[in-house]
Amino acid sequence: MVRKSILVFLLPSLMLLSVFVIYPTLYTVWLSFFDEEGKFVGLNNYFKVLSSRETVNLRRFPFKSPPWGTLIHNAVWIAVHLPLSLLLGLLFAVVLRNIKGASIVRGMIFLGMVMPMVVGGWMIRFMFDKDMGVVNALLRLLGIKWLANKTWTAWPEYSLIATILGGVWIWTGFSMVIYMAALSAIPREYYEAADIDGASALQKFFHITLPLLKPATSVIVVMSVLYELKIFDIVFVATRGGPGASSNVLALQMYDYAFRALKFNEAAAIAVLLTLLTLGPAIYIARSAVR
Amino acid sequence: MRNRWAVTLLTNVIGWGLALLWISPLIGIIMAAIRPVEEILYGWWNLRSFHVTFTNFLYAWAGSKGTYPLSKGILNSLIVATSSTVLPMLAGSLAAYAFARFTFPLRRALFATIAVLMAIPQMMVAIPLFMLLDSLGLLDTYLGLILLHSAWGTPWITLFLRNFFMTLPKELEEAARVDGATDLQIFYKVILPISIPALLSVVALQFTWVWNDFFFALLTMMSPEHYVATQCIVWMRGKLHTPWGLISAGSLITMSIPVAIFFILQKYYIKGMIGWMIKG
Numbered sequence: 001m002v003r004k005s006i007l008v009f010l011l012p013s014l015m016l017l018s019v020f021v022i023y024p025t026l027y028t029v030w031l032s033f034f035d036e037e038g039k040f041v042g043l044n045n046y047f048k049v050l051s052s053r054e055t056v057n058l059r060r061f062p063f064k065s066p067p068w069g070t071l072i073h074n075a076v077w078i079a080v081h082l083p084l085s086l087l088l089g090l091l092f093a094v095v096l097r098n099i100k101g102a103s104i105v106r107g108m109i110f111l112g113m114v115m116p117m118v119v120g121g122w123m124i125r126f127m128f129d130k131d132m133g134v135v136n137a138l139l140r141l142l143g144i145k146w147l148a149n150k151t152w153t154a155w156p157e158y159s160l161i162a163t164i165l166g167g168v169w170i171w172t173g174f175s176m177v178i179y180m181a182a183l184s185a186i187p188r189e190y191y192e193a194a195d196i197d198g199a200s201a202l203q204k205f206f207h208i209t210l211p212l213l214k215p216a217t218s219v220i221v222v223m224s225v226l227y228e229l230k231i232f233d234i235v236f237v238a239t240r241g242g243p244g245a246s247s248n249v250l251a252l253q254m255y256d257y258a259f260r261a262l263k264f265n266e267a268a269a270i271a272v273l274l275t276l277l278t279l280g281p282a283i284y285i286a287r288s289a290v291r
Numbered sequence: 292m293r294n295r296w297a298v299t300l301l302t303n304v305i306g307w308g309l310a311l312l313w314i315s316p317l318i319g320i321i322m323a324a325i326r327p328v329e330e331i332l333y334g335w336w337n338l339r340s341f342h343v344t345f346t347n348f349l350y351a352w353a354g355s356k357g358t359y360p361l362s363k364g365i366l367n368s369l370i371v372a373t374s375s376t377v378l379p380m381l382a383g384s385l386a387a388y389a390f391a392r393f394t395f396p397l398r399r400a401l402f403a404t405i406a407v408l409m410a411i412p413q414m415m416v417a418i419p420l421f422m423l424l425d426s427l428g429l430l431d432t433y434l435g436l437i438l439l440h441s442a443w444g445t446p447w448i449t450l451f452l453r454n455f456f457m458t459l460p461k462e463l464e465e466a467a468r469v470d471g472a473t474d475l476q477i478f479y480k481v482i483l484p485i486s487i488p489a490l491l492s493v494v495a496l497q498f499t500w501v502w503n504d505f506f507f508a509l510l511t512m513m514s515p516e517h518y519v520a521t522q523c524i525v526w527m528r529g530k531l532h533t534p535w536g537l538i539s540a541g542s543l544i545t546m547s548i549p550v551a552i553f554f555i556l557q558k559y560y561i562k563g564m565i566g567w568m569i570k571g
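Set out below in structure tokens:
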């Protein structure tokens, strides 16, 4: 029997979702198949976007410096940002486990996740500044002068990597927290049993800890890939996608197409492409949530 | 014995060293905010002359040449973030209860749809939402932005609370039902009070996300008196040179709210973040 009161429970959220999420999503798909005059053009907008050098630039990738095109930039984001933030998070989770004031230290590293990403964007510009930047100062200390004497965000050779490394700084707190939760869920008895068998610290790490961190790792991978695909704020503030589109990403390209150039239909095609890319991780989350 | 003591000391030194190195960019903007610009121009770590000034905070707060007063931005952010936390919490918790306890046609399909919606990029809805708000006369209004954020927050809140409600024992509700309570009465008299820890997680995360958002605000808020805090600090970029003192002070003011929420509600914040992802 279906209760009458079910509508009271479901209606508010279904209305919000259908008007402000589902309808606009479907309308964006619709827009992507038409031209400015409203004529159906099939996949034409997609061909236009994907063949544009702003999206994929195979004349420059991989042997010349960026711009390589937004799609490739997002791929580089995943290739660099994912392993770095994952490994650093694991490192912090393991190293910071048993130290004095662990919760304060963890809070400090997690701050990147708590602050607005636009603040993160400004901090990226600041930390890679040739005079005031702490990264440049460290490089100078290490004697790497040629890299230290440039404001990274202002050079096409370095702007992409600067935003990505800054993104690692912002996001590492996330993987650290997930790994910490997973680590504290491992029963102590496992390690005690291994001690009795005379296992070394490294053996314990590789044979007990690492295998039991697998579920946490897949959560981190999925959420990180979503983050890397949707990246917008920090690029908008740190480099505005430049110089010369050298650090541009799909989300920012979509925004510029739509609200600068007013090319709604091509912008819609970019949005759909971006959403298709997020679909894999999205379905993974949905499946583990629905159970 | 002594060996173990040395190892502990070493871990502590390495741990704290790494952490301090890691947050040095943050120390940098604190230095840039509280010191006159001449002192930080060639490195904020240069402490030979060290003066503390609060003019940057004053200028950021009250607005100065070409920047918008952050005081107004903070107020706008408070209005938007508070409403956009309460509204989806109401809508989401109602739906979550239905998904957790009632059976109805299409339940699984609906729930799966909501779960997938959680991961959609904001860019996917940008153009139609802009047109929709424009035609409703809601562009550049609090209500428009609040509705966007509320709808956007509903999926994860529904999902998170549904999973929480599933863990509650049914006996309480059955006892109330025997006493003749309606579904709605049971929901707000029995379920909500015992769900306060989960609701605190929702408050901590949803408020922070809305407060920190920039894209939806950029999309809808066009007149400077409606700018939220994140917009104010983005538009602090100067014409000729970057006013780092102003930007740093503005950034610190803006991030102080989510940072305070994080430290006060840390337990619930982390639980909320991990809760709906790991349990499965």
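Sequence lines, in order, name chains A and B.
First residue of the first sequence: 1, per my numbering; consecutive thereafter.
First residue of the second sequence: 292, per my numbering; consecutive thereafter.
All C-beta atoms, glycine included, are put in the ideal place defined by N, C-alpha and C.
So the alpha helix (DSSP H) residue i belongs to, where does it begin and stop?
i, result
"H81 (chain A)", "70-95"
"R398 (chain B)", "398-408"
"H440 (chain B)", "433-457"
"T346 (chain B)", "346-353"
"V272 (chain A)", "264-290"
"Y158 (chain A)", "Y158 (chain A) -> no alpha helix (DSSP H), and no H or E assigned at all."
"I104 (chain A)", "102-114"
"L141 (chain A)", "134-141"
Whose CA, out of the options, lies closest to the CA of residue i?
i, options, result
"F34 (chain A)", "A:M176, A:R106, A:E266, A:P116", "A:E266"
"M180 (chain A)", "A:A162, A:H73, A:K214", "A:K214"
"Q476 (chain B)", "B:I370, B:L436, B:L385", "B:L385"
"L274 (chain B)", "B:Y433, B:L420, B:Q413", "The displayed coordinates of chain B run from 292 to 571. Any statement about residue 274 (chain B) would go beyond what the structure contains."
"A508 (chain B)", "B:P488, B:S375, B:Y560, B:A391", "B:S375"
"I448 (chain B)", "B:W335, B:L491, B:D470, B:T458", "B:L491"
"G319 (chain B)", "B:I305, B:L338, B:A406", "B:L338"
"A442 (chain B)", "B:Q413, B:W335, B:I555", "B:Q413"
"V177 (chain A)", "A:S5, A:T209, A:L88, A:E36", "A:L88"
"W335 (chain B)", "B:L483, B:D425, B:L349, B:S315", "B:S315"
"I418 (chain B)", "A:F264, A:I285, A:P66", "A:F264"
Just the Cα atoms here: how many angstroms apart are residue i and residue j?
i, j, result
"K356 (chain B)", "C523 (chain B)", "13 Å"
"V19 (chain A)", "M422 (chain B)", "12 Å"
"F478 (chain B)", "I411 (chain B)", "30 Å"
"Q557 (chain B)", "A551 (chain B)", "9 Å"
"S362 (chain B)", "W352 (chain B)", "5 Å"
"L381 (chain B)", "A75 (chain A)", "39 Å"
"M564 (chain B)", "V416 (chain B)", "24 Å"
"F402 (chain B)", "V135 (chain A)", "46 Å"
"S547 (chain B)", "W502 (chain B)", "11 Å"
"I161 (chain A)", "V118 (chain A)", "18 Å"
"L277 (chain A)", "I283 (chain A)", "11 Å"
"M108 (chain A)", "V493 (chain B)", "22 Å"
"V168 (chain A)", "Y227 (chain A)", "11 Å"
"L17 (chain A)", "S486 (chain B)", "24 Å"
"H532 (chain B)", "S103 (chain A)", "39 Å"
"V222 (chain A)", "G112 (chain A)", "19 Å"
"G198 (chain A)", "L212 (chain A)", "20 Å"
"S246 (chain A)", "E157 (chain A)", "8 Å"
"V371 (chain B)", "H207 (chain A)", "49 Å"
Tell me which residues share the same chain as residue i and place their Cβ nearer than 7 Å to its Cβ, disregarding the 5 neighbours each side in the sequence.
i, result
"M527 (chain B)", "T358, P534, L537, I538, G541"
"L274 (chain A)", "L229, L250, A251, M254"
"F128 (chain A)", "V135, N136, T151, W152, T153, A162"
"L311 (chain B)", "none"
Considering only residues of the same chain and omitting the five flanking positions on each side of residue i, which have a CB-CB separation below 8 Å?
i, result
"K570 (chain B)", "Its pLDDT being 44, under 50, K570 (chain B) is placed unreliably by the model, and the measurement read from it follows with that caveat. Cβ neighbours of K570 (chain B) beyond the five flanking positions: N454."
"T269 (chain A)", "Note on residue identity: the sequence assigns Ala, not Thr, to residue 269 (chain A). S32, N45, Y46, K48, V49."
"V481 (chain B)", "L463, E464, A467, A472"
"D431 (chain B)", "T511, M512, M513, S514, H517"
"R59 (chain A)", "R53"
In this structure, does DSSP put residue i in helix, strand or coil?
i, result
"F34 (chain A)", "strand"
"T302 (chain B)", "helix"
"F395 (chain B)", "coil"
"G563 (chain B)", "helix"
"F302 (chain A)", "A query on residue 302 (chain A) cannot be resolved here, the shown segment of chain A reaching from 1 to 291 and no further."
"S200 (chain A)", "coil"
"P240 (chain B)", "Any question about residue 240 (chain B) goes unanswered here, given that chain B covers just 292 to 571."
"W296 (chain B)", "helix"
"L524 (chain B)", "A small correction: the amino acid at residue 524 (chain B) is Ile; Leu does not occupy that position in the sequence shown. Helix at I524 (chain B)."
"D233 (chain A)", "helix"
"W122 (chain A)", "helix"
Apart from the five residues just before and just after residue i, which ones in its own chain have a Cβ nearer than 6 Å to its Cβ?
i, result
"L408 (chain B)", "P446"
"L90 (chain A)", "Y179"
"G444 (chain B)", "P379, Q497"
Can a CB atom of chain C be found closer than 8 Å to the CB of residue i?
i, result
"P12 (chain A)", "Protein chains A and B are contained in the structure displayed, whereas chain C is not."
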